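Asks: Read in order, the letters of the sequence shown correspond to residues 23 to 612 in the numbering used here. Glycine included, every Cβ here is placed at the ideal spot set by N, Cα and C. These figures come from a predicted structure and were not determined experimentally. Below are the structure tokens for one structure; questions will follow.
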Amino acid sequence: MSGHEETLATEHAATGGGVLSQRYLAVFELGSSRVIPLPDAGKLVVGRGDEAGLRLAETKVSRVHAQLDMAHDAVTVTDLESQNGTHVNGDRIDAPRVLVSGDVIEIGRTALVYHAAPGKAGGDTASLHRFRSLLSQETDRARLSGQPLALVSVAPATGTEERCSKLLVQDLVGVERLAADGGRFALLLPETDADDAVRRASGLVVLLGRAGVPARAGVAVYPADGFDADALLTSARSTAAEAAEGQALSAASVFRTLDVGGSPLVIADAQMLRLYALVERLAASDLPVLIQGETGAGKELAARALHYWSARRDARLVAVNAAALQTSLAESELFGHERGAFTGATSAKAGLLEAADGGSVFFDEIADLPLPVQVKLLRALDTGRVTRVGGVTEIPVDVRLIAATNKPLDQEVAQGRFRQDLYFRLSGATLCVPPLRDRPRELALLARRFLADARTRLGRGPTRISDEALQLLAAHPWPGNARELGNVMEYAAAAFDDPVLESWQLAERLAGGEGRRPPEQEPAVPSAEPRSQFQPLDKEIRELECTRMQQALDAAGGNQRRAAQLIGMPLRTFVSKLTRYGLRERDPQS
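Given below as structure tokens:
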């Protein structure tokens, strides 16, 4: 490890070992993944030579292959005239490229997935930088107004980019809403829902094809496919990459469902796609794997995939919660005991390692394993044999070890709480599972899946999650990750049986309380307390919107089209909100 990488590793350990949520690279090599945090300023050379700050042990990587330049508002990657080139999102770059969160840098067979928290990334060119600022403003406007917003990524065939640019500029109104995005083009469509956006994008690629520019397109909408500018750009780009030539796809239709021992796993984020591609490769070996990540992020799912995708799938996967093992009983639980070994041992018992013979053992929260037990576990792994408590016979066991932790094991080693030799033995390969807040493409997908599954278990029909509810979910930090999201959706499925799940039904639950009816369905209760003059901003905006819509409807004599014009709201949005807010509805008149 180079000096620069040691510094980055120290910064990572200082965060508690969890995946950072500011700026970092998730590095996916052939046998492992790791996280490299990026500073606010500086440079990082990537290569296989000693002069590289991030060293990659691969022959296809040049000694100094590429360089990342970090500034406060942007991270730029530049190819350093490498032999095999540097690719970003599948395109070989020949000029500096400023990264957007979710971009995938490919160097040889190594993938570097760039992540930045909202507001921490720049754009590809000055044009895209301005476009990204506009997109951020439009997402804020959509959040406050409840109006739809769509983003289209157009990917022309290689060599036709200049022709495509000219055609788009000639045929589109509002050029300020169009920007070059590397070899692609980004088009912003305010007040356009998913269906309309896909229709417009489909028509656009057809017209481009007729003009001799084969292209494909991806459509992302706020908030279903992303809650900020970078998430929408990433969703639209990756969706365009999945489309066939002449096709436009919706981001909602582009995700992978993996079978993990009979349980479906939905993934769409670039980090997760790379992670599970690595899991699939590692499953073919018996190499021990150490899985790192926050509580509830999905470490056990990765462990299950390692087992069920391996040749050991027909044998048992035994899960051990190391944090729950009592020191006095841990040896008996893991290695078994003979009859009479201690008071209460009335019969011989096989330990968990024996029970998993031919299969896999998953040690969850391995950092909490008592030190005396760590010594015996290391010996069992080295020799492939266990000795029961009170016994003298060594029993052969054939197990694949998978361990998980939410603590930085190197720091635990440094503080004497974990054996260094066991740490080296466990980390034959490492996997870093990103937290849910760093997987913006998956939040809405998982919320819908968890809600649908919970309602099915309750024997209830499907329900839809409103855009306002999705916005509320996006604003939550999810310290409990996917597990917490699953619990919230279980609550919503049990507590409410409405056709649409609204934000008010989730708001107080996410704050730790019970749900209340929306303001328009509750009587006003005066209060003498000074704080009664305040309420959540989204509720205040909702009340104002209801009031203005009703006033406009009354002023227009029930003519919905005229009422929508009076307050500058698209008719489609106006009609939809009439039902949502329970306002008086009248037949529209021309």
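Report yes if the C-beta distance between residue 486 and residue 248 is below 9 angstroms; otherwise report no.
Replies: no
Asks: Are residue 352 and residue 274 close, meaning C-beta to C-beta below 9 angstroms?
Replies: no
Asks: Which residues does DSSP list as the beta-bridge partners of residue 365?
Replies: Residue 365 pairs with nothing; no bridge assigned.
Asks: Consult DSSP for residue 92 and reduce its assignment to one of helix, strand or coil.
Replies: In the structure shown, residue 92 sits in a strand (DSSP, three-state: E or B).
Asks: So, under 8 angstroms CB-CB, residue 104 and residue 88 are touching, yes? Tell me the CB distance rounded to an integer number of Å.
Replies: 7 angstroms
Asks: I'd like the ranges of any beta strand (DSSP E) spanning at least 3 consecutive residues and lying wholly in the stretch 325-367.
Replies: 339-343
Asks: Assuming residue 83 contacts residue 129 under a Cβ cut-off of 8 angstroms, what Cβ separation, rounded to an integer in Å, is found between them?
Replies: 6 angstroms
Asks: So who's on the other strand from residue 596, going by DSSP bridges?
Replies: Answer by DSSP bridge pairing: none, since residue 596 is not bridged.
Asks: Go through the stretch 198-274 residue by residue and report every complete run of the alpha helix (DSSP H) that reaches 4 residues or more, in order.
Replies: 216-232, 251-264
Asks: Using 9 angstroms as the threshold, is the C-beta distance between residue 47 and residue 120 below it?
Replies: no
Asks: So residue 111 packs on residue 125, CB below 8 angstroms; how close in whole Å?
Replies: 6 angstroms
Asks: Report all residues from its chain with a CB closer than 8 angstroms to the CB of residue 204; omit the five preceding and five following residues, and keep chain order.
Replies: Cβ neighbours of residue 204 beyond the five flanking positions: 110, 111, 113, 115, 119, 146.
Asks: When DSSP labels each residue in this structure, what does residue 673 get in the three-state scheme?
Replies: Because the chain here runs from 23 to 612, residue 673 falls outside it and cannot be looked at.
Asks: Tell me, to the nearest whole angstrom, how far the beta carbon of residue 4 is from that of residue 495; I am working on the premise that it is less than 8 angstroms.
Replies: Since the displayed the chain opens at 23 and closes at 612, residue 4 lies outside it and no answer follows.
Asks: Since I believe residue 81 is in contact with residue 91 (beta carbons under 8 angstroms), could you give me their beta-carbon distance rounded to a whole number of angstroms?
Replies: Residue 91 to residue 81, Cβ: 26 angstroms. No contact.
Asks: Where does residue 188 land, buried or exposed, given buried means 16+ other C-beta within 10 angstroms?
Replies: exposed
Asks: Residue 455 lies in the alpha helix (DSSP H); which residues open and close that run?
Replies: First-last for residue 455: undefined, no H or E at that position.
Asks: Please determine if the stretch 294-304 and the stretch 323-343 are in contact, where contact requires at least 3 C-beta pairs separated by less than 8 angstroms.
Replies: yes
Asks: For my contact list, residue 394 and residue 347 are in at a C-beta cut-off of 8 angstroms; report their separation, rounded to the angstrom.
Replies: Actually they are not in contact, since the Cβ atoms of residue 394 and residue 347 sit about 11 angstroms apart, beyond 8 angstroms.
Asks: Just curious, the beta strand (DSSP E) that residue 279 is in, first and last residue?
Replies: It spans 278-282 - the beta strand (DSSP E) in which residue 279 sits, taken as one unbroken run.
Asks: Buried or exposed for residue 162, please, with buried defined as at least 16 other CB atoms from any protein chain shown within 10 angstroms of its CB.
Replies: Exposed, by the Cβ-count rule.
Asks: In this structure, does DSSP put residue 321 in helix, strand or coil?
Replies: It is helical.
Asks: Pairing CB atoms from the stretch 313-321 with CB atoms from the stretch 357-366, are three or more of them under 8 angstroms?
Replies: The stretch 313-321 is not in contact with the stretch 357-366.
Asks: Going by DSSP, name the residue or residues bridged to residue 190.
Replies: Bridge partners of residue 190: none, in fact.
Asks: With H, G and I counted as helix, E and B as strand and the rest as coil, what does DSSP make of residue 137?
Replies: Three-state result, residue 137: strand.
Asks: Let's test the definition: count the other Cβ atoms within 10 Å of the Cβ of residue 166 and tell me whether it reaches 16, buried, or not, exposed.
Replies: That one is exposed.
Asks: Measure the beta-carbon distance from residue 288 to residue 467 and round it to whole angstroms, keeping in mind my assumption that it falls under 8 angstroms.
Replies: Their Cβ separation, rounded to whole angstroms, is 5 angstroms, which keeps residue 288 and residue 467 in contact under 8 angstroms.
Asks: Considering Cα atoms alone, identify which of 221, 425, 309, 62 is closest to residue 341.
Replies: 425
Asks: Rounded to whole angstroms, how far is the Cβ of residue 505 from the Cβ of residue 318, which I believe are closer than 8 angstroms?
Replies: 3 angstroms
Asks: Which runs of the alpha helix (DSSP H) spanning at least 4 residues fall entirely within the stretch 429-498, listed in chain order?
Replies: Scanning the stretch 429-498 from its first residue to its last, the whole alpha helix (DSSP H) runs of 4-plus residues come out as 431-436, 442-448, 462-479, 489-497.
Asks: Name the one or two DSSP bridge partners that residue 109 has.
Replies: 114, 128
Asks: CA-CA distance, residue 531 and residue 399?
Replies: 42 angstroms
Asks: Between the C-alpha atoms of residue 237 and residue 178, what's the straight-line distance to the nearest angstrom?
Replies: 4 angstroms
Asks: Rounded to whole angstroms, what's the CA-CA distance from residue 214 to residue 256? Just pull it up for me.
Replies: 19 angstroms
Asks: Measure from the alpha carbon of residue 322 to the alpha carbon of each residue in 447, 428, 577, then state which is nearest.
Replies: 428
Asks: Skipping 5 residues on each side, what residues in its chain have a beta carbon closer than 8 angstroms to that of residue 416?
Replies: 405, 407, 408, 409
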